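Participant: Please find one structure pasted underneath; my questions will follow.
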Ligand SMILES: [Zn+2]
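In my numbering, the protein residues as written are 42 to 263.
Rendered as structure tokens:
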């Protein structure tokens, strides 16, 4: 189910037209080539044949992998987020034609980098909720150790089988923190019993979600 359309965009450098192939859906199991392009970022870039310039392109995409039991929708505006959330809700309640497995992990992401990150997390056999908590906890600790830096973003990475969190400051500095199995398991023990952890009708699992869970935990353990 990987339909694709061709659209043209204008090269910002030389103004010539660049043909971009857009995918509306990628099945991680059946489309390994496209999955690889998602992971290396090239599914969302196009090269100008005239001047060689590479442009970033953004378009909505549904990623699913029935073997991993995941469905991730990349959308951009608030209306689309609401639309997908409604679709997810109805699919699990068994309404309509699109019934989803009750254990299916349904996610919404709002840029292609987050989609790529989710894929890496699930490919590493990890739970994105625990990884988001780790990213937030590590960011807070890096912030404490480096009070002059303003932490801007954190990403999960897996290189050579090692799990890490890369933390970037607004000033352009990067900090790498290893996400060891011990830390992962300890976070899982601490947080997986929380009510908001178990809630499966929240589809955007990100730093805002993790912050809320940490606040819930802290208010119970004051
Ligand atoms: Zn060009």
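Even glycine gets a Cβ: it sits at the ideal position worked out from N, Cα and C.
Note that the structure is predicted; figures quoted are calculated from it, not measured.
According to DSSP, is residue 102 helix, strand or coil?
Facilitator: strand
Participant: Can you give me the start and stop residues for the alpha helix (DSSP H) that residue 124 sits inside?
Facilitator: 119-133
Participant: Unbroken alpha helix (DSSP H) runs of length 4 or more, entirely within the stretch 139-194: which are they?
Facilitator: 153-164, 169-186
Participant: Need the endpoints of the beta strand (DSSP E) that residue 46 sits in, please.
Facilitator: Counting along the chain, the beta strand (DSSP E) containing residue 46 begins and ends at 45-51.
Participant: Using a threshold of 8 angstroms, state whether the C-beta atoms of residue 106 and residue 176 are closer than that.
Facilitator: no
Participant: Which whole-angstrom value is the C-beta distance of residue 149 and residue 245, which I expect to be below 8 angstroms?
Facilitator: 5 angstroms
Participant: Mind reading off the beta-carbon distance from residue 208 to residue 216? Whole number of angstroms is fine, and I expect it under 8 angstroms.
Facilitator: 4 angstroms
Participant: Give me the residue from 255, 102, 98 with the minimum Cα distance to residue 66.
Facilitator: 102
Participant: Can you grab the Cα-Cα spacing for the pair residue 54 / residue 95, in whole Å?
Facilitator: 9 angstroms
Participant: Determine the direct distance from the alpha carbon of residue 117 to that of residue 152, and round the result to whole angstroms.
Facilitator: 7 angstroms
Participant: Classify residue 9 as helix, strand or coil using the three-state DSSP reduction.
Facilitator: The shown model of the chain, from 42 to 263, leaves out residue 9, and the question about it has no answer.
Participant: CB-CB under 7 angstroms to residue 172, same chain, minus the five flanking residues each way: which ones, in chain order?
Facilitator: 162, 197
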